[in-house]
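Trainee:
Number of protein chains: 2
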Amino acid sequence: MAQPVPSLELVPRALAGEIPAMARLMTRAEAGSAESRPALAQLYARAGRAHVIGVTGVPGSGKSTLVSTLALRLRADGKRVGVIAIDPSSPYSGGSIMGDRIRMNELAQDPGIFIRSMATRGSQGGMARASLEAVDVLDAAGYEVVVIETVGVGQAEVEIARAAHTVIVVSAPGLGDDIQAIKAGILEIADIHVVSKCDRSDANRTIGDLKTMLAMGMASIPRGHWVSPVVPTSALDGTGLDDLIAQIERHGAYMRESAPGRERVRRIAEFRMLKTAEDLLYQRYLATRQGRLDVVSARLAQREISPYQAAEALLDGLHLEDHP
Amino acid sequence: MAQPVPSLELVPRALAGEIPAMARLMTRAEAGSAESRPALAQLYARAGRAHVIGVTGVPGSGKSTLVSTLALRLRADGKRVGVIAIDPSSPYSGGSIMGDRIRMNELAQDPGIFIRSMATRGSQGGMARASLEAVDVLDAAGYEVVVIETVGVGQAEVEIARAAHTVIVVSAPGLGDDIQAIKAGILEIADIHVVSKCDRSDANRTIGDLKTMLAMGMASIPRGHWVSPVVPTSALDGTGLDDLIAQIERHGAYMRESAPGRERVRRIAEFRMLKTAEDLLYQRYLATRQGRLDVVSARLAQREISPYQAAEALLDGLHLEDHP
C-alpha cells in the first residue's frame, strides 16, 4: 500500500482549492490525528477572511432548506460557499443521519459550493474542534462564505453555531409544544431571526409572537448597537431572501467595524482554545487509559476515591505523558 | 446576613433524607463550588446502592409522561424515587424551560418522590458532573431508584442518560420525519425500548419497524448476553407498566451479576472522571481568563498562534495556578 500523503503536502493543494485535498484534511481533522496539526495550523494562519454564518433551528424549522436556498443564491452572486453540517451522530456505530443532506445533493455538482457533513464522535470538544477546523480549510481555500449548520437542540450543538460571526436562528409556524419549548432556549443567540414557511396561513402569528418577545426584551441578549431583525422567508416563492442577504451583509460589516464585533471575534477564539484543550484532554485520556488511569477509574468505581480526586489524577497524569 | 451553613454540615442531614439539605447540596454542586467538594466526596463514598435509570427520547416521545407514571408506580411499590431532569437551558439568561415538569408537580407533594430540574450552564462537563452529583445525593440519602431524564437530542444530553445503569429509550408513533431521523441516532443506547402511546392506531407500525431494525442488527450494540426488549406502553390505561418494571428489575440484576455489567459500572466511573476533569479545566480557565489567557486568546484571534498552541498553553497554564 502506498504511504498516505503527508498532511503538510496537502496544504498548498487545499489553498489552491483542490477539493480532494480539502476533503482529506477535513477527514484527518475529524480523526484528530496529531500528524495533521501542523497542516491545520498553517491553514488557520491563512484563514480569517471568510464570513462564517451559523444557522440553527429546531427539527422541522426548515433550516436545511434555508441553507440550501441561501447557498445557491450566494453562489449565483459569484461567491464560493462552504457548508459544514453537524449531524446527530451515533456514539457507537459511526452512523450519521444524512436525512436532509440528500436535498442538497443537487448543489454538489458545482465546485463553487462545498458541502460537508461532520459526524464527529468521541469527545464534545472534538466535535467543535473538528468542525471549526473544517471551516478553516474552506476559509483558507478562499471560500467567501462558510455556513455552519447545526440542529438547535443540545448544548454542544448550539455552542458550535455560536462560534460563527453571524448567527441565524430559524423558526417556523406549526411546530408542536415540545418543539416550541426547546426553541425558546435558542432564540437569544440570534443575530438574525428567520421565520421560514411564511407562505403558511399561521405564519403571521409566529412572526407576531416572536416580535412581541423581542420587544419585551425576552429572547435577546445585549449585543452592542445591533438589534436582531426578524426576516420572514418562504422557500416556495423566494420571499425574504433578498432581505436576509442584506441583513447578513449588514451584520458582517457590524462585526468587522464595531468594538463589540471585534471583542466577539476574540471570544470565539477563546471558545476554540477551550474546546481544543478539552479535546486534547480527551485524546490524552484515551492514550493513557490502558495505563494507570484504569486503576484510577476502578478505584473510583469502587468509591474508594471521589470523582474530583480521579479528575485531578487525570489532569495531573497528563503531564507525565509526552506530547504526541 | 447569616453565614451559609458549611456543606460538610449538610451531609448528615442529607443522609437522613432532609429535603432542604439535599436541595442545597445540589444547588452547590450546580454552581461547581469548591467548598462543596469534600461534602460531595463523602456522599459519593456513601452512594452506590441506588438503581440509576436513564430515560431519553426525542421531543414528543412522551418520555416525561412515562417518567411520571413510572415514578408513581415505583413509589406505590414502597420505593423512594428521585428524578433528575436535564432541561435545555439558556447559555445566557439562566432561564430553564420547565415545560413538561409542570405535569409532575402532583408528584411533588410526596417526600418519597424527589424531583429536580437541572439547568446547568457553563461547560458541558459541568452539566454532566452536577447531574451525577445530584444522583449521588439521592443515592446516599437512600432513594432506591433514581431516574435521569434527558432530551434525546444533543451529544452532551444523550451521554448523561448513558451514565445510568439501565437506559430506556422512548419512541412514539406519529412523529415527523425530522424527529424520526434524530431518533435513529439514539436507539442503540437502549437497554430497554419503550414504545409509548400504544393506544394509537399507528403504534403497531412503530413497534414493527423497531423490531425489524433490531432483528437486522441495526440500532443495537453488543451488550453481553442482554437482548434489549421492546415494551409497548400506554399512559391512558397503564398498558405495559408491569412489563416495564419487570424488565427494569431484570436488567438491574444483569448489571449487578454479570461481568459485562460490572465492566460497564467501571466505564461509567471513567466517564465521570473525564467529565469532572473537563469541568475542572473549564473552571480554572474561567479563573485565569483575566490573566495571561486573555493575551493567548487575543494572539489566537489575530492568528499569530494556532488553536493547538493556545490549547497547550491553557493546559500547561493551569498547572501554574494554585488549586482553589
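Chains L and A, in that order, are what the protein sequence lines are.
Start counting the first sequence at 1; every next residue gets the next number (this note's numbering).
Start counting the second sequence at 1001; every next residue gets the next number (this note's numbering).
Positions of the beta carbon are idealized from the N, C-alpha and C atoms, including for glycine.
Taking Cβ positions only, does residue 1196 of chain A come closer than 7 Å to chain L?
Mentor: Translated into the one-based positions of the second sequence, residue 1196 of chain A becomes position 196. Chain L contact via Cβ: absent.
Trainee: Roughly how many angstroms separate the alpha carbons of residue 272 of chain L and residue 160 of chain L, rounded to a whole number?
Mentor: For this step, residue 272 of chain L is matched to residue 272 along the first sequence. For this step, residue 160 of chain L is matched to residue 160 along the first sequence. Distance between the alpha carbons of residue 272 of chain L and residue 160 of chain L is about 10 Å.
Trainee: From the DSSP output, which residues share a beta bridge with residue 194 of chain L?
Mentor: Within the first sequence, the letter at position 194 stands for residue 194 of chain L. In the DSSP output, where bridge partners are listed per residue, residue 194 of chain L has L/170, L/231.
Trainee: Could you give the first and the last residue of the continuous alpha helix (DSSP H) run that contains residue 1153 of chain A?
Mentor: As a working note, residue 1153 of chain A is residue 153 in the second sequence. Run containing residue 1153 of chain A: none; DSSP gives neither H nor E here.
Trainee: What residue range does the beta strand (DSSP E) around residue 118 of chain L cover?
Mentor: Along the first sequence, read from residue 1 onward, the residue named residue 118 of chain L stands at position 118. Start and end: 113 to 118.
Trainee: I think residue 197 of chain L touches residue 203 of chain L, with their Cβ atoms under 8 Å apart; what is that distance to the nearest whole Å?
Mentor: Numbered from 1 along the first sequence, position 197 holds the residue referred to as residue 197 of chain L. Numbered from 1 along the first sequence, position 203 holds the residue referred to as residue 203 of chain L. Residue 197 of chain L to residue 203 of chain L, Cβ: 6 Å. Contact.
Trainee: Measure the beta-carbon distance from residue 1301 of chain A to residue 265 of chain L and round it to whole angstroms, keeping in mind my assumption that it falls under 8 Å.
Mentor: For the purposes of this step, residue 1301 of chain A is taken as the residue at position 301 of the second sequence. For the purposes of this step, residue 265 of chain L is taken as the residue at position 265 of the first sequence. Sure, about 5 Å apart at Cβ, within 8 Å.
Trainee: Quick check: what's the CA-CA separation for residue 64 of chain L versus residue 75 of chain L?
Mentor: Walking along the first sequence from the start, residue 64 of chain L turns up at place 64. Walking along the first sequence from the start, residue 75 of chain L turns up at place 75. Residue 64 of chain L and residue 75 of chain L have their C-alpha atoms spaced approximately 16 Å apart.
Trainee: If I'm right that residue 1248 of chain A touches residue 1192 of chain A with Cβ under 8 Å, what's the distance once you round it to whole angstroms?
Mentor: Start at 1 with the first residue of the second sequence, and residue 1248 of chain A comes out as number 248. Start at 1 with the first residue of the second sequence, and residue 1192 of chain A comes out as number 192. The pair is a contact, with the Cβ atoms about 7 Å apart (cut-off 8 Å).
Trainee: Output, in sequence order along the chain, the residues in the stretch 1145 to 1178 of chain A whose CB is closer than 7 Å to any CB in chain L.
Mentor: From the stretch 1145 to 1178 of chain A, only 1151, 1153, 1154, 1155, 1156, 1157, 1176, 1178 have a Cβ closer than 7 Å to chain L.
Trainee: Thinking just about the alpha-carbon of each residue, which of A/1303, A/1268, A/1297, A/1293 is nearest to the one in residue 1053 of chain A?
Mentor: Translated into positions along the second sequence, residue 1053 of chain A becomes position 53. Answer by Cα proximity: A/1268.
Trainee: If the cut is a Cβ gap below 7 Å, which residues of chain L does residue 1124 of chain A touch?
Mentor: Along the second sequence, read from residue 1 onward, the residue named residue 1124 of chain A stands at position 124. Ordered by position in chain L, the residues that pass the 7 Å Cβ test against residue 1124 of chain A are 124, 155, 156.
Trainee: Any beta-carbon of chain A closer than 7 Å to the one on residue 239 of chain L?
Mentor: Locating residue 239 of chain L in the first sequence gives position 239, where the first residue counts as 1. Chain A contact via Cβ: absent.
Trainee: At a CB-CB cut-off below 7 Å, which residues of chain A make contact with residue 297 of chain L?
Mentor: Counted from its first residue, the first sequence places residue 297 of chain L at position 297. Correct list: 1266, 1269, 1270, 1273.
Trainee: Let's see if you can read the secondary structure: which residues bound the alpha helix (DSSP H) around residue 51 of chain L?
Mentor: If you number the first sequence from 1, residue 51 of chain L lands on position 51. Residue 51 of chain L -> not in any alpha helix (DSSP H); beta strand (DSSP E) instead, spanning 51 to 57.
Trainee: Taking C-alpha atoms, which residue in A/1189, A/1140, A/1277 lies nearest to residue 1342 of chain A?
Mentor: Nothing about residue 1342 of chain A can be read from this structure; chain A reaches only from 1001 to 1324.
Trainee: From the DSSP output, in three-state form, read off residue 225 of chain L for me.
Mentor: Here residue 225 of chain L refers to the residue found at position 225 when the first sequence is read from its first residue. Strand.
Trainee: How long is the line joining the alpha carbons of residue 1126 of chain A and residue 1270 of chain A, rounded to whole angstroms?
Mentor: Counting from one through the second sequence, the residue named residue 1126 of chain A turns up at place 126. Counting from one through the second sequence, the residue named residue 1270 of chain A turns up at place 270. In a straight line, the C-alpha of residue 1126 of chain A is about 15 Å away from that of residue 1270 of chain A.
Trainee: Please confirm if residue 1143 of chain A has its CB atom under 7 Å from at least one CB of chain L.
Mentor: Here residue 1143 of chain A is taken as the residue at index 143 of the second sequence, counted from 1. Not one chain L Cβ lies under 7 Å of residue 1143 of chain A.
Trainee: Quick one: measure Cβ to Cβ for residue 1129 of chain A and residue 1173 of chain A, integer angstroms, because I've assumed they're closer than 8 Å.
Mentor: For this step, residue 1129 of chain A is matched to residue 129 along the second sequence. For this step, residue 1173 of chain A is matched to residue 173 along the second sequence. No, residue 1129 of chain A and residue 1173 of chain A are not in contact; Cβ-Cβ is about 36 Å, not under 8 Å.
Trainee: First and last residue of the beta strand (DSSP E) that includes residue 1084 of chain A?
Mentor: Along the second sequence, read from residue 1 onward, the residue named residue 1084 of chain A stands at position 84. Per DSSP, residue 1084 of chain A belongs to the beta strand (DSSP E) from 1081 to 1086.
Trainee: Tell me, to the nearest whole angstrom, how far the beta carbon of residue 11 of chain L is from that of residue 42 of chain L; I am working on the premise that it is less than 8 Å.
Mentor: Sequence index remark: in the first sequence, residue 11 of chain L carries index 11 (1-based). Sequence index remark: in the first sequence, residue 42 of chain L carries index 42 (1-based). Contact between residue 11 of chain L and residue 42 of chain L holds, since their C-beta atoms are separated by about 5 Å, short of 8 Å.
Trainee: Drop a sphere of 10 angstroms on the beta-carbon of residue 325 of chain L, count the other beta-carbons inside from all chains shown, and report buried for 16 or more, exposed for fewer.
Mentor: Since the first and last residues shown for chain L are 1 and 324, residue 325 of chain L lies out of range.
Trainee: Ordered along the chain, which non-local residues of its own chain (more than five positions away) have a Cβ less than 7 Å from that of residue 101 of chain L?
Mentor: For the purposes of this step, residue 101 of chain L is identified with residue 101 of the first sequence, where counting begins at 1. With a pLDDT of only 45 at residue 101 of chain L, under the threshold of 50, the placement of this residue in the model should not be trusted; the figure read from the coordinates follows. Taken in chain order, the residues that qualify are 85, 117.
Trainee: Does residue 51 of chain L pass the burial test, meaning 16 or more other C-beta atoms within 10 Å, or should it be called exposed?
Mentor: Looking up residue 51 of chain L in the first sequence gives position 51. By the neighbour-count rule (16 or more Cβ atoms within 10 Å), residue 51 of chain L is buried.
Trainee: Is the distance from the Cβ of residue 150 of chain L to the Cβ of residue 69 of chain L below 7 Å?
Mentor: Position 150 of the first sequence, counted from the first residue, corresponds to residue 150 of chain L. Position 69 of the first sequence, counted from the first residue, corresponds to residue 69 of chain L. Not in contact: residue 150 of chain L and residue 69 of chain L (Cβ atoms no closer than 7 Å).
Trainee: Counting only beta-carbon atoms, is residue 1030 of chain A nearer than 7 Å to chain L?
Mentor: Your numbering for residue 1030 of chain A matches position 30 in the second sequence. Under the Cβ criterion of 7 Å, residue 1030 of chain A is not counted among the residues facing chain L.
Trainee: Do you know whose CA, among A/1187, A/1048, A/1213, A/1124, lies nearest residue 1137 of chain A's CA?
Mentor: Here residue 1137 of chain A refers to the residue found at position 137 of the second sequence. Nearest option by C-alpha distance: A/1048.
Trainee: Determine the direct distance from the alpha carbon of residue 1020 of chain A to that of residue 1258 of chain A, and round the result to whole angstroms.
Mentor: Position 258 of the second sequence, counted from the start, is the residue given in the question as residue 1258 of chain A. Position 20 of the second sequence, counted from the start, is the residue given in the question as residue 1020 of chain A. Cα to Cα, residue 1258 of chain A sits roughly 37 Å from residue 1020 of chain A.
Trainee: How big is the Cα-Cα spacing for residue 1225 of chain A and residue 1164 of chain A?
Mentor: Position 225 of the second sequence, counting from 1, holds the residue named residue 1225 of chain A. Position 164 of the second sequence, counting from 1, holds the residue named residue 1164 of chain A. So the alpha carbons of these two residues sit roughly 18 Å apart.
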